[in-house]
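Asker:
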Amino acid sequence: MKGLLSLITLLLVTAPAFGQVAVVAHASVPADSINKSDLLRMFSGDIEHWEDGSPVVVVDLAEKGAVRDSFYAYLGKTSSRMRSVWLKRKLTGEGELPRSIESQEELIAVISQTVGAIGFVSREFTNGHPEIKVLIDSIPMTE
Amino acid sequence: MSPVHCRIFAALLALLCARAGYAQEEEKPIQVFGYFQNVFQHEVFQNGPDNNSFAAQQLNLFFQKDISNRFRSFLNFEFLNNFSSSEAWGAANLKEAWIRYDHSPAFKLKLGLQTPVFNHLNEIKTRTPLLPYIIRPIVYETSLEDVIRLDEYVPERGFLQLYGTLPLGSRHAFDYALFAGNSPNIRSDRRLGQTGVDTTINVLIGSRVGVRLNDWIPGLSEIKVGVSVATDRVNYFRNVVDLIGIKEDEIERYQESLTMVPRTRLGVDVSLYLGRLYLEAEGISALFQVPNDLLDLHRVFGYATLGYVVSERLEFYVSYWRTDEDALIVNNALDPTNSVVQRVTLDIPTAGARYVANDRVVFKAQVAYADLRRAETFSDEQGIAGPTTARTDQRFTVFALGASVFF
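Quick note, the sequences are listed as chains A and B, same order.
Going letter by letter, the first sequence gives residues 1 to 143 in the numbering used here.
Going letter by letter, the second sequence gives residues 1001 to 1407 in the numbering used here.
(1) So which residues of chain A does B:A1173 contact, with C-beta pairs closer than 8 Å?
(2) Tell me, please, whether the stretch 1136–1145 of chain B touches the stretch 1317–1324 of chain B by the rule of three or more beta-carbon pairs shorter than 8 Å.
(3) Are A:I132 and A:S33 closer than 8 Å when you measure CB to CB?
(4) Going by DSSP, what residue range makes up the beta strand (DSSP E) through B:K1095?
(5) Report the option in B:V1270, B:S1183, B:P1132, B:L1130 whose CA atom is closest to the CA atom of B:G1206.
(6) Assign B:V1032 to buried or exposed, taking buried as 16 or more other Cβ atoms, counted over all protein chains shown, within 10 Å of its Cβ.
(7) Any beta-carbon of chain A closer than 8 Å to the one on B:A1403?
(8) Would you call the stretch 1082–1089 of chain B and the stretch 1148–1157 of chain B touching, i.e. three or more CB-CB distances under 8 Å?
(9) Do B:L1113 and B:F1408 come within 8 Å of each other at the CB atom, strictly closer than that value?
(10) What are the start and end residues of the alpha helix (DSSP H) that includes B:K1065?
(11) Going by beta-carbon coordinates alone, are B:L1130 and A:S84 separated by less than 8 Å?
(12) At 7 Å on the CB atoms, spell out the chain B contacts of A:P55, in chain order.
(13) Here's the rule: buried if 16 or more other CB atoms are within 10 angstroms of the residue's CB, otherwise exposed. What is B:I1244?
(14) Identify which residue in A:D69, A:T126, A:T92 has its Cα closest to the Cα of A:E163.
(15) So, using beta-carbon positions, are A:G76 and B:N1069 closer together than 8 Å?
(16) Report, in whole angstroms, the separation of the C-beta atoms of A:G45 and A:E94, which I expect to be a contact under 8 Å.
(17) Tell me which residues of the stretch 1049–1069 of chain B have at least one Cβ-Cβ distance to chain A shorter than 9 Å, keeping chain order.
(18) Using a Cβ-Cβ cut-off of less than 7 Å, give me the residues of the stretch 1263–1279 of chain B that come near chain A, in sequence order.
(19) So which residues of chain A does B:S1170 contact, with C-beta pairs closer than 8 Å?
(20) Rounded to a whole number of angstroms, what is the C-alpha to C-alpha distance between B:K1110 and B:F1396?
(21) Could you list the residues in the stretch 1195–1207 of chain B with a C-beta less than 7 Å from some C-beta on chain A, going in chain order?
(22) Assuming B:Y1303 and B:E1325 are in contact, meaning their beta carbons sit under 8 Å apart, how far apart are those beta carbons, in whole angstroms?
(23) For A:S122, go through chain B and note every residue whose CB falls closer than 9 Å to its CB, in chain order.
(24) DSSP state of A:A62, grouped into three classes?
(25) Going along chain B, which residues have a C-beta under 9 Å from A:K77?
(26) By a C-beta neighbour count over all protein chains shown, 10 Å radius and 16 as the cutoff for buried, is B:D1232 buried or exposed?
(27) Taking the continuous alpha helix (DSSP H) assigned at A:F43, which residues delimit it?
(28) Can you list, in chain order, the residues of its chain whose CB lies under 8 Å from that of A:I47, leaving out five sequence neighbours each side?
(29) Does any residue of chain B have a CB that is nearer than 8 Å to the CB of A:R149?
(30) For B:T1165, go through chain A and note every residue whose CB falls closer than 7 Å to its CB, in chain order.
(31) Could you give the DSSP three-state label for A:Q113: helix, strand or coil?
(32) Rounded to whole angstroms, how far is the Cβ of B:A1177 from the Cβ of B:V1227, which I believe are closer than 8 Å?
(33) Could you tell me the distance, in whole angstroms, from the CA atom of B:I1246 to the CA atom of B:V1261?
(34) Please report the straight-line C-alpha distance between B:F1107 and B:V1209, rounded to a whole angstrom.
(35) For B:F1071, which residues of its own chain have a beta-carbon under 8 Å away from its beta-carbon, when the five flanking residues on both sides are left out?
(36) Within 8 Å of any Cβ in chain A, is that where the Cβ of B:R1391 sits?
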């Protein structure tokens, strides 16, 4: 019984860390957190600059799967709808296409090296990277 | 040149080169990108021979240069219908040449030749990769501009636009755009001097306001609703003079009624995204205030598209388009009373599919059935509309395949 309780406690403590998506940005961005509204406006291209005037560089995860689906579900969009929004902005001269990165490891590396960059990864990938900031760390992962 | 001078000259040269190199590193490079759409169309006419045609329907070439974080310049060149100057095919147009100042999301200013925001589709009408259609909702189909003039329905060109978006609460947004441009009285006749300039003191003034509601109703991920208005004055009298080429005193009765006719174009647009389903619709009404109701130049256009996104790659849609327009037609250059008011109604049900091969290549298929009905009301002895005396109908079906490439 004691062992079972310990196992349940362990699962409760550890499960969220592996079941959540984090929004990350380059360490120099002038924000420590971001609300959903501003996040959607950044990913939709409505907000093109951070508060200090530096350009927002949106980084998208090309790898299909739960992380990507959960992030766009959190924004209330499908990935195809987002792509349509991005392409419209690009072709009307209103914005840039996001940088599309194949893997989460690579995405962390790109964000840590790009001033103004913002993207999303599974929360477990955020540990041990002082060059990035975690702006949101609790977007639930959906299957 | 002494050795000292040589050293100074070399040092200056090195410094200049270093500064130039630094400046080039700081500057963002110019971006060149674009798209083209090639199509194959098979047309089956109810009364007439069928035809097939391949075409490089459209090519757009963009040049974008970010001058600083706040300023961007943008050029858009468009080539239509197998453009060839040597063969006199198609058309080449400078569609946009503007500079934008981006103060904040709520305040952006665009100066220069541009396509203003009017309804949902106007500003993206020429961006073919964005649209599932091969043949676009009819008044937006640039390649058919000889048949239905787009600028009768929507403002095609603006020169000044103030626009932006404001958050409404945590999820929604309010969009606005205010724009100005030339009136449609543009000189085209080279014999009269400089072409392409507005020959009047009138201006086009327009606006669109709209809201985007995200997750407003559970399951309905996005709703976009907007209303648009554009107002200007059209010199129909001059069109008549140009067309029939007679002395003004002979058609004096037209002058009072048809000079600087106030025109107001009203539009409403709606887009709904419900999971994999989407609905996009627009309505446009062009109203003319002709004194004494001498002529009815009113025209309306509407379309509605219902689409289903099967996957990130595949999408199907059905759509219905309708135009209903009245126009003054002068049949005989020597006889101004031989004019007709022509009522043209066009109904087009259409359906199609789009397959996204990758981020850059889209294949499309479409079938459209067009039912064109023309009623001609001949002039009475004063040259103003009388009873309807003739009707002609034309029906045809278009089968189209297309490939759109973004590069």
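Ideal Cβ placement from N, Cα and C applies to all residues, glycine included.
Answerer: Put simply:
(1) Against the second sequence, residue 1173 of chain B aligns to sequence position 173. Those are R41, D46, listed as they occur along chain A.
(2) yes
(3) Taking the first sequence and counting its residues from 1, one reaches residue 132 of chain A at position 132. Taking the first sequence and counting its residues from 1, one reaches residue 33 of chain A at position 33. No. Outside cutoff.
(4) On the second sequence, position 95 is the one that residue 1095 of chain B refers to. Residues 1089–1104.
(5) The residue you call residue 1206 of chain B lines up with position 206 of the second sequence. Checked all of B:V1270, B:S1183, B:P1132, B:L1130; the closest Cα to B:G1206 is B:S1183.
(6) For this step, residue 1032 of chain B is matched to residue 32 along the second sequence. By the neighbour-count rule (16 or more Cβ atoms within 10 Å), B:V1032 is not buried but exposed.
(7) For the purposes of this step, residue 1403 of chain B is taken as residue 403 along the second sequence, with counting starting at 1. Output row for B:A1403: interface = no.
(8) Taking 8 Å as the limit for Cβ pairs, the verdict is that the stretch 1148–1157 of chain B does not touch the stretch 1082–1089 of chain B.
(9) Because chain B in this structure spans residues 1001 to 1407, residue 1408 of chain B falls outside the shown range and cannot be described.
(10) Counting from 1 along the second sequence, the entry for residue 1065 of chain B is found at position 65. According to the DSSP assignment, B:K1065 belongs to no alpha helix (DSSP H) but to the beta strand (DSSP E) extending over 1051–1066.
(11) Taking the second sequence and counting its residues from 1, one reaches residue 1130 of chain B at position 130. Taking the first sequence and counting its residues from 1, one reaches residue 84 of chain A at position 84. Taking 8 Å as the Cβ cut-off, B:L1130 and A:S84 qualify as a contacting pair.
(12) Counting from one through the first sequence, the residue named residue 55 of chain A turns up at place 55. What A:P55 touches in chain B: N1069.
(13) Counting from one through the second sequence, the residue named residue 1244 of chain B turns up at place 244. For B:I1244, the predicted structure reports a pLDDT of 48, less than 50, and the residue's modelled location is therefore unreliable. A value from the coordinates is still provided. Buried, because 16 or more other Cβ atoms sit within 10 Å of the Cβ of B:I1244.
(14) In the structure displayed, chain A extends from 1 to 143; residue 163 of chain A sits before or after that span and is not available.
(15) Reading the first sequence from its first residue, position 76 is the one you call residue 76 of chain A. Reading the second sequence from its first residue, position 69 is the one you call residue 1069 of chain B. No. Outside cutoff.
(16) Sequence index remark: in the first sequence, residue 45 of chain A carries index 45 (1-based). Sequence index remark: in the first sequence, residue 94 of chain A carries index 94 (1-based). That pair is a contact at about 7 Å.
(17) N1060, F1062, Q1064, D1066, N1069
(18) Y1273
(19) Residue numbering aside, residue 1170 of chain B sits at position 170 when the second sequence is read from its first letter. Those are N35, K36, S37, listed as they occur along chain A.
(20) As a working mapping, residue 1110 of chain B is identified with position 110 in the second sequence. As a working mapping, residue 1396 of chain B is identified with position 396 in the second sequence. Their backbone Cα atoms lie some 42 Å apart in a straight line.
(21) none
(22) Residue mapping note: residue 1303 of chain B aligns to position 303 of the second sequence, counting from 1. Residue mapping note: residue 1325 of chain B aligns to position 325 of the second sequence, counting from 1. Actually they are not in contact, since the Cβ atoms of B:Y1303 and B:E1325 sit about 15 Å apart, beyond 8 Å.
(23) Taking the first residue of the first sequence as 1, we reach residue 122 of chain A at position 122. Under the 9 Å cutoff, chain B gives no residues; its nearest Cβ is about 21 Å from A:S122.
(24) As a first step, residue 62 of chain A is located in the first sequence; it is residue number 62 there, counting from the start. The answer is coil: DSSP assigns A:A62 none of H, G, I, E or B.
(25) By one-based count along the first sequence, residue 77 of chain A stands at place 77. Per Cβ cutoff of 9 Å: N1214, S1221, E1222, Y1273.
(26) Walking along the second sequence from the start, residue 1232 of chain B turns up at place 232. Buried is the call here.
(27) Within the first sequence, numbered from 1, the residue matching residue 43 of chain A stands at position 43. Segment 36–44, the alpha helix (DSSP H) holding A:F43.
(28) The residue labelled residue 47 of chain A in the question sits at position 47 within the first sequence. So the qualifying residues of the chain are D38, R41, V56.
(29) For chain A, the structure presents residues 1 to 143; residue 149 of chain A sits outside this window and is missing.
(30) Numbered from 1 along the second sequence, position 165 holds the residue referred to as residue 1165 of chain B. Within chain A, the residues near B:T1165 are D46.
(31) Taking the first sequence and counting its residues from 1, one reaches residue 113 of chain A at position 113. Correct three-state label for A:Q113: helix.
(32) Residue mapping note: residue 1177 of chain B aligns to position 177 of the second sequence, counting from 1. Residue mapping note: residue 1227 of chain B aligns to position 227 of the second sequence, counting from 1. That belief does not hold up - the Cβ atoms of B:A1177 and B:V1227 are roughly 12 Å apart, past 8 Å.
(33) Counted from its first residue, the second sequence places residue 1246 of chain B at position 246. Counted from its first residue, the second sequence places residue 1261 of chain B at position 261. Reliability of the predicted coordinates at B:I1246 is poor, the pLDDT of 46 falling under 50, and the value obtained from them is presented with this limitation in mind. One C-alpha to the other measures close to 21 Å.
(34) Counting from 1 along the second sequence, the entry for residue 1107 of chain B is found at position 107. Counting from 1 along the second sequence, the entry for residue 1209 of chain B is found at position 209. Answer to the nearest angstrom: the Cα atoms are 14 Å apart.
(35) By one-based count along the second sequence, residue 1071 of chain B stands at place 71. Cβ within range, chain order: I1099, R1100, Y1101, D1102.
(36) As a first step, residue 1391 of chain B is located in the second sequence; it is residue number 391 there, counting from the start. False, the Cβ-Cβ gap to chain A never drops below 8 Å.
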